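Going letter by letter, the sequence shown gives residues 1 to 654 in UniProt numbering.
Note that beta-carbon positions come from the ideal geometry of N, C-alpha and C, so glycine has one too.
Bear in mind the structure is a predicted one, so any value in this text is a computation, not a measurement.
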Amino acid sequence: MTEQKFSETSPVTSPAGLRDPAGPVSPGPGAVAALWPLGPDQARLDPGGLLGQWQRRNAEDTLPHCVDNLHRAGNIGNLRAAAGEQDTAFAGMWFADSDVHKTLEAAAWELGTSPGDEALRSFVEDTVALLARAQQADGYLNSYFTVVAPDERWRKPDWSHELYCAGHLFQAAVAAARTGVSPELVTVARRFADLLVERFGPDGVEEVCGHPEVETALAELYRLTGHRPYLDLARRFLDLRGRGLLGHGRFGPAYYQDHVPVREAREVTGHAVRQLYLLAGMVDVGVETGDHMLLDAAERLWEDAVHRRAYVTGAHGSRHRDEAYGDPYELPADRAYAETCAAIASVHLNWRLLLATGRARYADEMERALYNAVAPAVSSDGRHFFYSNPLQLRTGHTSSGEEAAARRLPWYSCACCPPNIARLMASLHGYLATAHDDGLQIHLYASGSVDAVVAGAAVSVDVRTEYPWEGRIELTVSGETAVPWTLSLRVPAWCDAYTVRIDGGPVMAPARDGYIRLTRVWAPGTTVVLDLDMPVRHVTAHPRVDAVRGCVALARGPLVYCLEQADLPPGTVLEDVRLDPAAPITAVHRQDLPDIPVVINLGGQVAHAGDSLYVTGRRRERPGTPLTLTAVPYFLWGNRSEGPMRVWIPVATS
């Protein structure tokens, strides 16, 4: 496809009359951005809708579970040891502090909307006080290098994760300050950040972290405080990357994205989470500094990731060995690594690119990853998790190690994913909508409401919908302005047909660049109904994706579906099932499956290919008994029983 430069698509403007946003990402007033986020008090999710259900489950189950496990697994004990308050062996991974910081961030976002949770507030207050006691006199804060390896502080940038842990501390502090939950955490974070500036700033040590993350965190800390050295340091880290400063390591410099300067990179490489966090930092710094080379590079690498290396679910990373991107089109379904943290990083990156450019494709990709790459990682009880997310689990599958996803586990020795999920879900309402001088833009559809100051007046839009199960979105506009403003509604790329009604009357509303733009002087109580057509779709992969040639995936709306052993007749082997392309295919509401409101029924058959592993010439399959197949949303697989599953379904041949 034709490459479009960032500078060709994004205005260089700032909003006027908007309340200062206070969400996870808040570009500064002089930033190069097309859209501005709403603050967490300007968007709310109805607990009855799917996204609201996820957020409620996160508050009631996932977040308390994370807090409990930080104590049980020893993360909190590590910090107490660093503070000199107990003499115990260090527990867990050397970057275990990052899980504390991510959980703190999640708690801050949650308390911002549910201030009455006293247990959660006590966790925040106690943990912030503990961090302050564990912090060294110069501002350094890392329990592993304080307790276990004080002589190795700053000596192993490829391995240590010191800056990675610092970055998560900074993001927790930003959340705590913006929600008013614990401004004291900013003091702790800034002491550490000032130490980084002193050591790594202008004319300082030329080093980068083996795990990018601090770049985006420093940029956000700058946005919170206005202290320019934080942003300058983030940019310096980006400028230094690509010089081979991290050495070759076990997997080579491309594993760290340290093989080529970031502005010159043409392909995503290496560890998928690291690459996506690095891209997020590139966008943040590019937006704040007007560095179009950084922003163009981020869009170029996004193109490579999404169009040549991402799974149909929006997941990233096809190799287990180094948790990395594979070659172009190397996307095995059963060997997909598809780490949960990479999917979360994709949501973060796409949100930043959406704010920077206003382009619908980033909202589309954010939605795809959220529903099909993040959501599958959490069990229906909110207390069990996938680390990796394969798109196929074979009959007779045997797994070894925690990361082999045959079932969700309550915790991991490397527990990066559960608290990462918690912080995303706690801030999920912040990703629904944006605003600008001329209007309000709705990007994710969920029951709830959004508020903004538009055209100099306060307006509110109430949203009622059963999305993603149904395509009808009903919006009611409140508030009155003296001049017209524009309500923009995203039409997802998967939707080929839709209708729009205002106060019951049909209107012509062609989508331009992925959005319907409705401009008028809105009278209070005006209703808009957007109906998105949601037929079941057969999705096929590029022919270079050898692993799934001859197969199709099923999708409806934003959801990818799969087949599970639980829905097959006894004795049927999932690998023998074939889809009949000529049979009817329908979406069906199932009252007997309360957690799965809509399934897909389709025709199939059981093929018999013989017992020989190899045959001479073309293998001919003998069709077996026809059967009706039931496909369920991929994000819900593995909740009813353990057993085989597949997203890509072989098509029967004559």
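Is there at least one Cβ from chain B nearer than 8 Å to residue i's Cβ?
i, result
"residue 634", "No chain B appears in this structure, which consists of one protein chain only."
Give the DSSP-derived three-state secondary structure of residue i in the structure shown.
i, result
"residue 37", "strand"
"residue 645", "strand"
"residue 18", "With a pLDDT of only 34 at residue 18, under 50, the local geometry of the prediction cannot be trusted, and the value read off the model is given with reservation. Residue 18 falls in the coil class under three-state DSSP."
"residue 385", "strand"
"residue 572", "coil"
"residue 581", "coil"
"residue 6", "Any reading at residue 6 must be qualified, since the residue scores a pLDDT of 44, below 50, and its modelled position is unreliable; no value is offered."
"residue 141", "coil"
"residue 395", "coil"
"residue 551", "strand"
"residue 485", "strand"
"residue 634", "helix"
"residue 563", "strand"
"residue 316", "strand"
"residue 602", "strand"
"residue 47", "coil"
"residue 442", "strand"
"residue 71", "helix"
"residue 197", "helix"
"residue 336", "coil"
"residue 181", "coil"
"residue 80", "helix"
Cα-Cα, which of the options is closest to residue i?
i, options, result
"residue 149", "115, 134, 90", "90"
"residue 445", "103, 453, 428, 131", "428"
"residue 22", "171, 600, 298", "171"
"residue 498", "481, 544, 579, 557", "557"
"residue 387", "310, 545, 303, 342", "342"
"residue 653", "266, 637, 581, 485", "581"
"residue 488", "438, 647, 101", "438"
"residue 629", "544, 605, 621", "605"
"residue 496", "533, 577, 509, 463", "533"
"residue 177", "200, 434, 109, 205", "109"
"residue 399", "335, 362, 220, 416", "335"
"residue 73", "413, 492, 637, 517", "413"
"residue 470", "366, 587, 378, 84", "587"
"residue 627", "77, 591, 583, 599", "583"
"residue 238", "212, 27, 531", "212"
Distance, Cα to Cα, residue i vs residue j?
i, j, result
"residue 256", "residue 270", "6 Å"
"residue 97", "residue 116", "26 Å"
"residue 442", "residue 36", "12 Å"
"residue 597", "residue 307", "31 Å"
"residue 650", "residue 66", "39 Å"
"residue 424", "residue 410", "18 Å"
"residue 546", "residue 216", "36 Å"
"residue 418", "residue 54", "14 Å"
"residue 9", "residue 359", "Below a pLDDT of 50, predicted positions are generally treated as unreliable, and residue 9, at 40, falls in that range; the measurement from the model is reported next regardless. Distance between the alpha carbons of residue 9 and residue 359: 8 Å."
"residue 483", "residue 303", "39 Å"
"residue 15", "residue 436", "Reliability of the predicted coordinates at residue 15 is poor, the pLDDT of 39 falling under 50, and the value obtained from them is presented with this limitation in mind. Roughly 6 Å separates the two Cα atoms."
"residue 681", "residue 40", "Summary: the structure shown does not reach residue 681, with the chain confined to residues 1 through 654, and so no result is reported for it."
"residue 648", "residue 392", "8 Å"
"residue 185", "residue 203", "29 Å"
"residue 362", "residue 514", "10 Å"
"residue 645", "residue 325", "23 Å"
"residue 641", "residue 219", "44 Å"
"residue 589", "residue 46", "22 Å"
Mind checking which residues open and close the alpha helix (DSSP H) that includes residue i?
i, result
"residue 353", "340 to 357"
"residue 307", "292 to 308"
"residue 286", "272 to 289"
"residue 122", "118 to 134"
"residue 498", "No alpha helix (DSSP H) holds residue 498; the beta strand (DSSP E) holding it covers 498 to 502."
"residue 225", "214 to 225"
"residue 168", "162 to 178"
"residue 232", "228 to 240"
In terms of residue numbering, what span does the beta strand (DSSP E) encompassing residue i cover?
i, result
"residue 112", "Note, residue 112: premise wrong, no beta strand (DSSP E); alpha helix (DSSP H) at 97 to 113."
"residue 474", "472 to 478"
"residue 517", "515 to 520"
"residue 151", "Counting along the chain, residue 151 falls outside any beta strand (DSSP E), and DSSP gives it neither H nor E."
Task: Stretch pair the segment 173 to 193 + the segment 138 to 157: three plus CB contacts closer than 8 Å - done: yes
Task: contact_flag[the segment 537 to 545, the segment 463 to 482] where n(CB pairs < 8 Å) is 3 or more - done: no
Task: Meets three-Cβ-pair contact criterion under 8 Å: the segment 285 to 299 and the segment 29 to 43 - done: yes
- [ ] Assess, as a yes-or-no matter, whether the segment 453 to 467 is touched by the segment 326 to 338 under the definition of 3 or more beta carbon pairs within less than 8 Å.
- [x] no
Open item on the list: Does the segment 563 to 579 come into contact with the segment 349 to 363, if we say contact requires no fewer than three beta-carbon pairs (one atom in each stretch) closer than 8 Å?
Closed with: no
Task: Cβ pair count under 8 Å reaching 3, the segment 494 to 509 against the segment 446 to 456 - done: no
Task: the segment 234 to 245 in contact with the segment 312 to 320 per 3-pair CB rule at 8 Å - done: no
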